[in-house]
Structures are given as structure tokens and as C-alpha cells.
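Residue numbers (the UniProt record's numbering): 1 to 169.
So this is what it looks like as C-alpha cells:
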């Protein structure tokens, strides 16, 4: 573990630890953390580099793992134009209400499977807003594919699950 010295020569508020090839920076001051991660976020903020979960699987080409830069900012800007304000969301109000009713109905019929119903409703809303796609009420192939993708993403980005993410290369 390394500690950068403080202004008084004693231990400072920034430390780093290297665990199995992964460097972690520890900020031991709320004020410092705010300054670095909020005020100067363009310098210090980014998503983690995940060799297996990002580069090798292709998930690094999705918003969740985009590197902080022009592509990330442009994608965020486009998303903001679609759903970034109440005014933009108003055009989806009817769809949100319809999907909420369907969700409650499905939940009454299958109260033991809340997680599946939440994922299906979220997927229905997202697919309608992004692609104009209305899901099939029973088994929808796109919802099933999205569920599998989320499962694969979770497994491939699990900390320490793959040696390629642990050992430096």
C-alpha cells in the first residue's frame, strides 16, 4: 500500500493498493472525493477496464462500459434528447400507464415471480421507447434474449471471476 504525503508531511488522503494486478485508489476525504469525482470528473472519472467482461466479449461497445470520451458523451446526449426531461417523457405517458397495468395484472396472476415481471415490464417500456416494439404478452423472444444478455454480462463482469481480469498482461 502506498500513501501520498499530506501537506504537513504526514500521511495524506490518497492511498493506492494493488490487489492481484488491480490498482485501487482510496480517497480518505469526502471533500477530496467530491473535488476529484464531481468537479474534475472529466479528468478522473471513467468506467473500469474489464478484459473479459468488456474487451473479449464486446460489452465494451455498450453504454455501460464505454470509455469516458466523445462516444460516451454523444450517446448520453442522444439519450437525453429522448428521455432527458419531463417534457420528453410525456409522449410515453400512455405507454407507461398501459405497461404498469399489465405489470399489476401479471403480478396478480403470478405473485411468486416478481423479478421476472419487473424485468418484463422494464423491457417492454425500453423496447417501445427505443424501437417502437410491442412485446408479446407470453414469451417474447427479444425479452428472453435481453434477459440472457444481462445474465451473461453479469457473469462476465463479476470481479475476480476470470484470470485475465486479475493478472496483468
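Note that the Cβ used here is the ideal one computed from N, Cα and C, for glycine as well.
Computed from a predicted model, the values in this text were never measured in an experiment.
Asked                                                                                          : Found
Check whether residue 171 and residue 165 have beta carbons under 8 Å apart                    : Only positions 1 to 169 of the chain appear in the structure, and residue 171 is not among them; the question remains open.
Candidates 121, 82, 87, 83: closest to residue 97 by CA position                               : 121
Cβ-based burial, residue 149 [other Cβ within 10 Å; buried from 16]                            : exposed
Between the CA atoms of residue 17 and residue 68 - distance to the nearest angstrom           : 23 Å
Nearest-angstrom Cα separation, counted from residue 82 out to residue 88                      : 6 Å
Whether residue 75 touches residue 65 by CB criterion (8 Å)                                    : no
Length of the line joining the Cα atoms of residue 153 and residue 160                         : 14 Å
Reference residue 103, options 26, 138, 19, closest by Cα                                      : 138
Paired residues, beta bridge with residue 154 - DSSP                                           : Paired residues: none, contrary to the question.
Helix, strand or coil at residue 69 [DSSP, three-state]                                        : coil
Beta carbon of residue 143 nearer than 8 Å to that of residue 95                               : no
Continuous beta strand (DSSP E) stretch holding residue 26: start and end                      : 22 to 27
Nearest-angstrom Cα separation, counted from residue 45 out to residue 174                     : No answer is possible for residue 174: it lies beyond the span of the chain, which begins at 1 and ends at 169.
Run of the alpha helix (DSSP H) containing residue 108, from where it starts to where it stops : 93 to 109
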